[in-house]
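Undergrad: Dropping the structure in here first, questions after.
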DNA sequence: ACCTGAACACCGTTCAAGT
DNA sequence: ACCTGAACACCGTTCAAGT
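Protein chains in written order, with the working numbering: chain A, 210 to 433; chain B, 210 to 433.
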């Protein structure tokens, strides 16, 4: 009787940069990055959009923060690991991250200003290569080849249908309808003769090109 | 004296879908895709934004049209060409297109509905591979590997600095300032020891990874 | 120190009205 | 058939005002 009860059962958590970023990440994962607006994010946090500006400089800063969280999820190989194993594991981890957060590939594109979190990744890849005996020039070549592949694959994966074999089959049927076999025989062959029959696993598909590239780099290293 | 002179020297051209698309393309090339709005495009064409809807279903349709123009600029190799030469030439032409239109890579991502213009490209690549004797499965692998690389490289190129050696050097200096050598020795080595000294040519860099991948595919074909 | 209301300059798009 | 004005539901962001 002496003290008035708190007006609401769950007292509002104080806003912090981390809470803002985490909530933005969940929103982006669930509804897509294009529907992440300062106003919606504010509503989600029970606050007016303008309050967010106390914890984040502007929307660009928010997106920078998301990009840093994303690259931070890429596995860091233990030191002393074989160069091939280290690069392979990092590549697979990067693809998994980009598949988990479909918005991340797009953010990597637009966040061009360097940040510590985003600089650590290329630094580590170049380090693995140099320590393995690649020349500076070859390390640059290898980095571009690997990174282009990883990134490009992730974007293709994001834009192609996925899901259970049944869902995949149903989407494939829709696509086939726009591709008359007489005009597109090879696309039909691939979809009808392979994807619909045997399914499609992005992780497996990714490893084919990854190993092809790593094999090629191995030969260059052996020849050097 | 009999007829009144036309009020303006250059009578307004009638709006057509092609004029709308061409103007949008120029705007995107010059100011970037993010500043391409229906309202600005209308202003550019001397018309209210709403008039554009007589020639284009909506903004999505406009972007679809731009994506179709972009893929249409990728060179189609002459028939009967060696598979390796055909794939190589197409890949180089695709990279050139994506470098010419920095907005195109992003559009390829978002335009997921198939269109004839955009289906012709994968159809042709798969055709080259199948005719060269690759199995359906290997043709899929090869397509993903090549296309991921091309696309990923183009995006990296778009986001990294370019220009004359002097411009490149000045941007590199700015980047270096954010990368203390003690923490990022390998990035420093690459930038100071190689890029600043020898410059950097994206077309050359692209061909390294491209040839590595084509060599790998050639071995698979020989072994099959 | 943090949050808010009102306001500004933008978006894409619909719809009834004009020619 | 094509173009327009007014309107709607959205944006990001600033700024003075509240607590």
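In this text, a Cβ means the ideal position worked out from N, Cα and C, and glycines have one as well.
Express the C-alpha separation of residue 277/A and residue 299/A in angstroms, rounding to a whole number.
TA: Roughly 16 Å separates the two Cα atoms.
Undergrad: Can you find the residues in the same chain that come closer than 8 Å, C-beta to C-beta, to residue 378/A, ignoring five residues on each side of it along the sequence?
TA: These residues qualify, in order along the chain: 405.
Undergrad: I want to verify the contact list: residues of chain A whose CB lies under 9 Å from the CB of residue 434/B, in sequence order.
TA: Any answer about residue 434/B is impossible in this case: the structure gives chain B only from 210 up to 433.
Undergrad: Is it true that the segment 314–333 of chain B meets the segment 384–393 of chain A, where meeting means three or more beta-carbon pairs spaced less than 8 Å apart?
TA: Result yes; three or more Cβ-Cβ pairs closer than 8 Å.
Undergrad: How about residue 345/B: is its C-beta nearer than 8 Å to some C-beta of chain A?
TA: By this cut-off, residue 345/B is an interface position.
Undergrad: Measuring CA to CA, which of 362/B, 295/B, 363/B and 421/B is closest to residue 340/B?
TA: Taking only the C-alpha atoms, the option nearest residue 340/B is 295/B.
Undergrad: Starting from residue 335/A, find everything on chain B with Cβ-Cβ shorter than 8 Å and list it in chain order.
TA: Those are 395, 396, 398 and 399, listed as they occur along chain B.
Undergrad: Answer with yes or no whether the minimum CB distance from residue 310/A to chain B is below 8 Å.
TA: Taking Cβ atoms only, chain B never reaches closer than 8 Å to residue 310/A, which makes this a no.
Undergrad: Report the neighbours of residue 339/B on chain A: residues whose CB is nearer than 8 Å to its CB, in chain order.
TA: Under the 8 Å cutoff, chain A gives 395 and 398.
Undergrad: Work out the CA separation of residue 422/B and residue 421/A for me, nearest whole Å.
TA: Cα to Cα, residue 421/A sits roughly 7 Å from residue 422/B.
Undergrad: Taking only runs that begin and end inside the segment 303–357 of chain B, name each unbroken alpha helix (DSSP H) of 4 or more residues, in chain order.
TA: Correct list: 313–319 and 325–340.
Undergrad: Looking at residue 281/B and the ligand GDP, is the gap between the Cβ and the nearest heavy atom below 7 Å?
TA: The ligand GDP is not among the ligands present in this structure, which contains no ligands whatsoever.
Undergrad: Which same chain residues end up closer than 8 Å to residue 418/A when comparing Cβ atoms and leaving out the 5 residues on each side of it in sequence?
TA: Taken in chain order, the residues that qualify are 358 and 362.
Undergrad: Which same chain residues end up closer than 6 Å to residue 380/A when comparing Cβ atoms and leaving out the 5 residues on each side of it in sequence?
TA: Excluding sequence neighbours, residue 380/A sits near 370.
Undergrad: Under a CB-based cut-off of 8 Å, is residue 354/A close to chain B?
TA: Closer than 8 Å to some Cβ of chain B, the Cβ of residue 354/A qualifies, so yes.
Undergrad: Quick one: what does DSSP say residue 231/A is sitting in, helix, strand or coil?
TA: If DSSP states are grouped into helix, strand and coil, residue 231/A belongs with the helices.
Undergrad: Just verifying my parser: in three-state terms, what is the DSSP assignment at residue 301/B?
TA: Three-state result, residue 301/B: helix.
Undergrad: For residue 281/A, which residues of its own chain have a beta-carbon under 8 Å away from its beta-carbon, when the five flanking residues on both sides are left out?
TA: Hits under 8 Å: 326.
Undergrad: On the premise that residue 264/A lies in contact with residue 226/A, defined as a C-beta separation below 8 Å, what is that separation, rounded to the nearest angstrom?
TA: With 8 Å as the limit, residue 226/A and residue 264/A qualify as a contact, their Cβ atoms being about 5 Å apart.
Undergrad: Can you look up residue 492/A in the DSSP assignment and give me helix, strand or coil?
TA: An answer regarding residue 492/A cannot be provided, because it is not within the stretch 210 to 433 covered by chain A.
Undergrad: Is any beta-carbon of chain A found at less than 8 Å from that of residue 219/B?
TA: Below a pLDDT of 50, predicted positions are generally treated as unreliable, and residue 219/B, at 41, falls in that range; the measurement from the model is reported next regardless. Residue 219/B does not count as touching chain A.
Undergrad: Ordered along the chain, which non-local residues of its own chain (more than five positions away) have a Cβ less than 8 Å from that of residue 268/B?
TA: Only 247 meet the Cβ criterion.
Undergrad: Assign residue 285/B to one of three DSSP states: helix, strand, or coil.
TA: It is coil, neither helix nor strand.
Undergrad: Look at residue 254/B and residue 232/B and say whether their C-beta atoms are less than 8 Å apart.
TA: Contact flag set, yes.
Undergrad: Determine, using beta carbons only, whether residue 213/A comes closer than 8 Å to chain B.
TA: For residue 213/A, the predicted model reports a pLDDT of 35, less than 50, meaning its position is unreliable and no value from the coordinates is stated.
Undergrad: Using only the alpha-carbon positions, how far apart do residue 333/B and residue 393/A sit?
TA: So the two alpha carbons sit approximately 9 Å from each other.
Undergrad: Taking the beta carbon of residue 259/A as the centre, do at least 16 other beta carbons fall within 10 Å, making it buried, or is it exposed?
TA: Exposed is the call here.
Undergrad: What are the start and end residues of the alpha helix (DSSP H) that includes residue 383/B?
TA: Looking at the DSSP string, the run of the alpha helix (DSSP H) that includes residue 383/B is 374–386.
Undergrad: For residue 266/A, name the three-state secondary structure that DSSP assigns.
TA: Residue 266/A falls in the coil class under three-state DSSP.
Undergrad: Kindly list the residues whose CB is nearer than 7 Å to the CB of residue 429/A, restricted to its own chain and excluding five residues on each side of it in sequence; keep chain order.
TA: Closer than 7 Å at Cβ, skipping near neighbours: 347.
Undergrad: Just to confirm, is the Cβ distance from residue 367/B to residue 314/B under 8 Å?
TA: Result yes, Cβ atoms of residue 367/B and residue 314/B sit closer than 8 Å.
Undergrad: Step through the CB atoms of chain B and report whether any lies within less than 8 Å of the CB of residue 431/A.
TA: No, residue 431/A does not count as interfacial toward chain B.
Undergrad: As a quick exercise: from 257/A, 256/A, 306/A and 302/A, pick the residue whose alpha carbon is nearest that of residue 234/A.
TA: For residue 234/A, the nearest C-alpha among the options comes from 306/A.
Undergrad: On the DSSP letters alone, give me the boundaries of the alpha helix (DSSP H) that residue 395/B sits inside.
TA: Its alpha helix (DSSP H) spans residues 394–399.
Undergrad: Round the Cβ separation of residue 292/A and residue 344/A to the nearest angstrom and send it over; I've been treating them as touching at under 8 Å.
TA: That pair is no contact at about 14 Å.
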